[in-house]
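Visitor: Residue numbers (the numbering used here): 26 to 352.
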Ligand code: NAI
Ligand code: MG
């Protein structure tokens, strides 16, 4: 059945990597209608709104959103979109690639990040001169939903272990609730190993011994931080894709932002965006198409035909063309 996909390139390298991913997607015979829409810093300049109403409406009407990156307006665009579309689970795999010089080989971790609450709710107030407060919201309902999602993902993908990350020794109420809910959901999945760590210690374990992790489940802000850390273990943000899924909607976006330090140079690594497109293909059941693209990308990376972040000398579009050529 045909799918309606809202494509939002956004700002900076978002636009560059989106063009690259579309070059690859257009090589496949897919019944997708792509509707290109604007959002981000540039949209705000043009229309006064980082997430224009028409863009939001189109996203709600679509079967999926394919998103590049926003700049300084990220909170008003992508964080808001995740809330508006109730994509409660943010799935962020960190997987090693052959040929990439990274801290470790054979890392294969999936981070399952709660996407609808925590400090990212944006409940922030200036309460007095020089005093700002933020409210952290954690609910049993959202914690249970994300914990169950993590265990179901582990089951589906044949993974062995789920680790919950929190800071319940200090944030006794919010993280305490999250930890307790994870522990009780774990009891429903006796076949899957479960443990939990404090987030700070977990960061050390991740850097020193990533192999002790399989599926990670955590709250919104910790998930944001730890997913960049995990990306760093396997070669950087240029390789890190993600999916935001809910009951009705799905948003696919690379983990990285608009990267103003390299934007406009045509050297952004398109892999994260291409892998993100693959997550969308899998979501719609186009598994063999996703595998074809992933195999092609793997071989391109293994041969060193990459952008400078991975040590190569290709431009964004040249790397995408290498992938497209092999399909
Ligand atoms: P960033 O993710 O844009 O970049 C961090 C570092 O990674 C930079 O050195 C950048 O050059 C590098 N990098 C990122 N993607 C890369 C790629 N595909 N290829 C090669 N190198 C890559 O995060 P940063 O610099 O903290 O934020 C820049 C802007 O992006 C900010 O305005 C921020 O608000 C926004 N942002 C947006 C996000 C989104 O739309 N989902 C997520 C994170 C940041
Ligand atoms: Mg982030």
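Glycine included, every Cβ here is placed at the ideal spot set by N, Cα and C.
The ligand MG and residue 253: does the residue's C-beta get closer than 7 Å to at least one heavy atom of that ligand?
Guide: Numbered from its first residue, the chain shown carries residue 253 at position 228. Checking the Cβ of residue 253 against the ligand MG gives yes.
Visitor: Does the beta-carbon distance from residue 242 to residue 200 come in below 8 Å?
Guide: Working through the chain shown from its first residue, we reach residue 242 at position 217. Working through the chain shown from its first residue, we reach residue 200 at position 175. Contact: no.
Visitor: Determine the closest residue to residue 174 out of 135, 157, 95, 262, with distance taken between C-alpha atoms.
Guide: Position 149 of the chain shown, counted from the first residue, corresponds to residue 174. Nearest option by C-alpha distance: 135.
Visitor: For a minimum of 3 consecutive residues, which ranges assigned as the beta strand (DSSP E) are wholly contained in the stretch 124-207?
Guide: Here the runs fully enclosed are 133-139, 149-153, 156-159, 186-191.
Visitor: Look at the Cβ atom of residue 268, then the Cβ atom of residue 277, and state whether they are nearer than 8 Å.
Guide: Here the question's residue 268 lines up with position 243 in the chain shown. Here the question's residue 277 lines up with position 252 in the chain shown. Taking 8 Å as the Cβ cut-off, residue 268 and residue 277 qualify as a contacting pair.
Visitor: Measuring only the C-alpha atoms, how far is residue 227 from residue 80?
Guide: As a working mapping, residue 227 is identified with position 202 in the chain shown. As a working mapping, residue 80 is identified with position 55 in the chain shown. If I take the Cα positions, the gap works out to 38 Å.
Visitor: On a Cα-Cα basis, can you pick out the residue from 336, 344, 236 that is closest to residue 299?
Guide: One-based indexing of the chain shown puts residue 299 at position 274. It is 344.
Visitor: Are at least three pairs of beta-carbons, each pair with one atom in the stretch 257-267 and one in the stretch 147-164, less than 8 Å apart?
Guide: The answer is no - the stretch 147-164 does not touch the stretch 257-267, with fewer than three Cβ pairs under 8 Å.
Visitor: Using a Cβ-Cβ cutoff of less than 8 Å, which residues in the same chain neighbour residue 165 once the five nearest sequence positions on both sides are dropped?
Guide: Along the chain shown, one-based indexing puts residue 165 at 140. Here the set comprises 202, 206.
Visitor: Taking the runs of the alpha helix (DSSP H) that are 4 residues or longer, which of them lie wholly in the stretch 240-315?
Guide: Those alpha helix (DSSP H) runs which fall completely within the stretch 240-315 and span 4+ residues are 245-258, 296-308.
Visitor: Could you check whether the Cβ of residue 118 sits closer than 7 Å to any heavy atom belonging to the ligand NAI?
Guide: Working through the chain shown from its first residue, we reach residue 118 at position 93. No.
Visitor: Is residue 29 helix, strand or coil when you go by DSSP?
Guide: Residue numbering aside, residue 29 sits at position 4 when the chain shown is read from its first letter. The answer is strand: DSSP assigns residue 29 an E or B state.
Visitor: Less than 6 Å between C-beta atoms, sequence neighbours within five positions excluded: which residues of the same chain meet that for residue 191?
Guide: As a first step, residue 191 is located in the chain shown; it is residue number 166 there, counting from the start. Answer for residue 191: 200, 203, 204, listed in chain order.
Visitor: Please determine whether the Cβ atom of residue 234 lies at a distance below 7 Å from any heavy atom of the ligand MG.
Guide: The residue given as residue 234 occupies position 209 in the chain shown. No.
Visitor: Within the present structure, is the beta-carbon of residue 242 separated from the nearest heavy atom of the ligand MG by less than 7 Å?
Guide: Within the chain shown, the letter at position 217 stands for residue 242. Flag unset: Cβ of residue 242 not near the ligand MG.
Visitor: Return the chain-ordered list of same chain residues with a C-beta closer than 8 Å to the C-beta of residue 352, the five sequence neighbours on each side being excluded.
Guide: The residue labelled residue 352 in the question sits at position 327 within the chain shown. So the list reads 49, 52, 53, 317, 318, 321, once near-sequence residues are dropped.
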